[in-house]
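Structure record follows, encoded as structure tokens.
2 protein chains.
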Amino acid sequence: MVRQTLDPWGSDAVKDYSRLTQEFGIEPVLPLIPRFRRPSHHLSRGIDFGQRDLSRVLDAIDGNKPYAVMSGIKPTGDYHLGTKMTADDIIYFQSLSKKATAYYAIADVEAYSDNGISFKDSAKIAVRHVADILALGLDRDRAVVYFQSQEIRVMRLSSIFSRGVTNNMLKAIYGERQIGLYMAALVQAGDILMPQLPEFGGPKPVLVPVGADQDPHLRLARDLAAKYQRDFRFIPPASIYHRLMLSMTGDQKMSKRAEGSLLTLSDPPSLASKKVLSAFTGGRDTVDEQRRLGGRADICPVFELYKFHFALNDEHVERVYSECTTGTRLCGECKHEAAGLVKSFLSNHQKRRDSLMPDARELLEKSAKYLASAGR
Amino acid sequence: MVRQTLDPWGSDAVKDYSRLTQEFGIEPVLPLIPRFRRPSHHLSRGIDFGQRDLSRVLDAIDGNKPYAVMSGIKPTGDYHLGTKMTADDIIYFQSLSKKATAYYAIADVEAYSDNGISFKDSAKIAVRHVADILALGLDRDRAVVYFQSQEIRVMRLSSIFSRGVTNNMLKAIYGERQIGLYMAALVQAGDILMPQLPEFGGPKPVLVPVGADQDPHLRLARDLAAKYQRDFRFIPPASIYHRLMLSMTGDQKMSKRAEGSLLTLSDPPSLASKKVLSAFTGGRDTVDEQRRLGGRADICPVFELYKFHFALNDEHVERVYSECTTGTRLCGECKHEAAGLVKSFLSNHQKRRDSLMPDARELLEKSAKYLASAGR
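As you go down the protein sequences, you meet chains W and D in turn. Take 748 as the starting number for the first sequence in the working numbering and just add one per residue. Take 748 as the starting number for the second sequence in the working numbering and just add one per residue.
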């Protein structure tokens, strides 16, 4: 059996999720579902498939104890359906308890290094990203949003951590890489562990919702949490993993790195609709064949639009799936229905998002003030 | 010919300074000496032997243009005679123009990582270090002292730079190292280039006075200055190199890494005197031999006490040297004279240093405020 490697910086789709649990020690989510009073659509539809130490966070929820949900975004281009999935998880886990705080890191150093985007431009782009996540439902009263380039604690932790790792340890997790990517990984470990500093009420449980391909960063952060246990008393960070969306071309993960693969939250609804109508599908070569054999929903990015985002409820997903796979639903009609859902979601979201731009600016300012004063 | 490597983290003495100029492109200082109106004892005695781009700084002095002098210290243990040499150079080059600003970095992240010293303890130790350099003559009105762990600009630059280097580039400069040392080097490049940021009036010439073994850091900083020319308009940092003092045991460089090799500015004068009296010397096995062959001043740490620090003037150094090498001066009397000079220097210095502790605290606070407001 070839060992599956996870590349957090690549464009490959994850081919076999069961291997992740077998080889990397990611635990399945399924046995924990009964502990949720109202599971999110990610949970009920099997989109969130794996976790590490999620029970620590569930214990905090049950015990009315503080915990944090933490993730981040690189401020390049627009929020797309892949990044929306992480946002959906942040928002859901923030909503489960009044004792939850969401931390959202804006990776402007990476945006500069990888994409040549100046810090000034990152700051502009970030406002819209924050408005996007507010429009999706983030509770601004329990949210801290920050720029990596401004957050001395993250930088300090990454600098400390760089002395606590060996080249071999990093090679084992990420493969042979340039020092810059290793350093970016150490900065992300700083992001993940920062909410546990005393000035934020730590140590405390922290949940990191990410795509399955980001697990290497969690393994590193957990190794470091153990390594610096004596000085920082870190609790190993918990994580929950969602499946990666297929690109609209069906051949890789939806990613800003893959041109033409994206549906973004800023696409004009009519453009988004066109993208859906011309997407790759799991349909057969002829109508006859499709009627006879059924469609292949499992490799179909259009089916994923229903399942991951736009179906009204779980029954809707199941109906589309069974109609498709039994050959009673053809790709043309299916795409038209999906395009309609996408269009109506986007026009509502964009209206809400645009009206929340001042609120986004306010949240960024409030967070900056809070961070500057924390622990002083 | 074996290629000489420079190890900024090691304890080896540099064996052959002429090779540094041949192999690494360090230029001799000698041809520039006529440009100094009153050369320091480092210059007149050949202690500062090498430089890169020093003429840029001399041009700034002549043209009454702003420039910076920058170096740093790891806040572990006490200021010793090796660290005093860097301080002497900072102070001298700061004194040459009212347009000079001195930047002094306190490497508390390294002190934590290498020596397990907490940031709190570093802050305490640093106060005394700052009082030491004030007592040696630093002009507090044109000095900025900062902790690396607090200075977001340094951290941000190091993070950016980590993406602009390749593993091969670092290997070529430092040899094969763990990522933590590479990262420490990138942080030092951040220190060296920070004074050229716009909020500090940059780009402008910056002079880095360091021991000869620290040249790799300068090569890296100069490579990065060129690499980020387009975005930051950095001027390649200039440097001046002093010879390394021999340890009191005569076999390696004076360094905090080598126990028993040190004379520190906090040694009780009587202890310092004892250390001098029991030091290794360049003397011969018998008095007869010494009278006949003369002493070997060039390998003698006691002679270095005169030459590098405590001789009253250049003639004094020359007299000691010629008496020693012609056999008219024996080690016993020479050590007694040196011990007397050391004792009187230390008791004066310590009195001055202790009275300057409040001023040191004030300078640290003033610097912190200035850095927090710069560019805002």
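Built from N, CA and C at the ideal position, the CB exists for glycine as well.
In the DSSP assignment, H989/W forms a beta bridge with D795/W, G958/W. Under the 8 Å Cβ criterion, the segment 890-900 of chain D does not count as touching the segment 838-847 of chain W, having fewer than three qualifying pairs. Contact check for V953/D against A858/D fails: the beta carbons are separated by 8 Å or more. Residues of the segment 918-947 of chain W whose Cβ lies closer than 7 Å to any Cβ of chain D, in chain order: Q925, I926, G927, Y929, M930, V934. Sequence-distant Cβ neighbours of P786/W in its own chain, meaning closer than 7 Å and more than five residues away, are I780.
CA-to-CA, the gap between S986/W and Q798/W works out to about 5 Å. Cβ-Cβ distances below 7 Å link T830/W to I820 in the same chain, with the five nearest sequence neighbours on each side left out; the list follows chain order.
The Cβ-Cβ distance between S802/W and V955/W does not fall below 8 Å.
Residue contact check for I864/W against chain D: no CB pair falls below 8 Å. Counting of Cβ neighbours within 10 angstroms places P984/D among the buried residues, the total reaching 16 or more.
Of all alpha-carbon atoms in G863/W, E774/W, P942/W, the one lying nearest the alpha-carbon of Y893/W is that of P942/W. In this structure, the alpha-carbon of G948/D lies about 41 Å from that of L965/W. Inter-residue distance for H827/D and R792/D is about 20 Å (C-alpha atoms, whole angstroms). The Cβ of N1095/D sits no closer than 8 Å to any Cβ of chain W. The beta carbon of K812/D is closer than 7 Å to those of K846 in its chain, skipping five residues each way along the sequence.
Under the rule that a run must span 4 or more residues, the alpha helix (DSSP H) segments found entirely inside the segment 1031-1059 of chain W read 1034-1040, 1048-1051.
Contact annotation: Y839/W and F796/W have beta-carbon atoms that are not nearer than 8 Å. Spatial neighbours of G1030/W in its own chain (CB-CB distance under 8 Å, excluding positions within 5 residues in sequence) are listed in chain order as Q1037, G1042, R1043, C1047, L1077, C1078.
Put simply, the CB of I872/W is far from chain D, with every gap to its CB atoms at 8 Å or more.
Listed by position along chain D, the residues whose Cβ is nearer than 8 Å to that of I907/W are V856, Y859, S860. For the options A1058/W, L1040/W, S1094/W, the alpha carbon positioned closest to that of C1071/W is the one of L1040/W. A contact is defined here as three or more CB-CB pairs under 8 Å, and the segment 1079-1099 of chain W meets this definition with respect to the segment 1008-1016 of chain W. Between the segment 1104-1111 of chain W and the segment 874-882 of chain W, the count of Cβ pairs shorter than 8 Å is three or higher; the stretches touch. If you look at Y1068/W, you'll find it in the alpha helix (DSSP H) that goes 1061-1072. DSSP places P983/W outside both helix and strand once states are collapsed to three, so it counts as coil. Relative to T823/W, the option among V912/W, V874/W, F1027/W, V891/W whose CA is nearest is V874/W. Annotation for H1096/D: A882, L1012 place their beta carbon closer than 7 Å to its own, counting only its chain and skipping 5 residues before and after. The C-beta separation of F1055/D from I794/D comes to about 6 Å, placing the pair in contact by the 8 Å criterion. The alpha-carbon separation between S909/W and G997/W amounts to approximately 38 Å. In chain order, R903 make up the part of chain D whose C-beta sits under 7 Å from the C-beta of S896/W. Scanning chain D for C-beta atoms nearer than 9 Å to the C-beta of V912/W yields Q925, I926, G927, reported in chain order. A distance below 8 Å between beta-carbons, with the five flanking residues on each side excluded, links G911/W to the following residues of its chain, in chain order: L971, K974, Y975. At least one C-beta of chain D is nearer than 8 Å to the C-beta of I899/W. Between S906/W and M902/D, the gap from beta carbon to beta carbon is short of 8 Å. For S842/D, the three-state secondary structure derived from DSSP is helix. Boundaries of the beta strand (DSSP E) around A890/W: 890-894.
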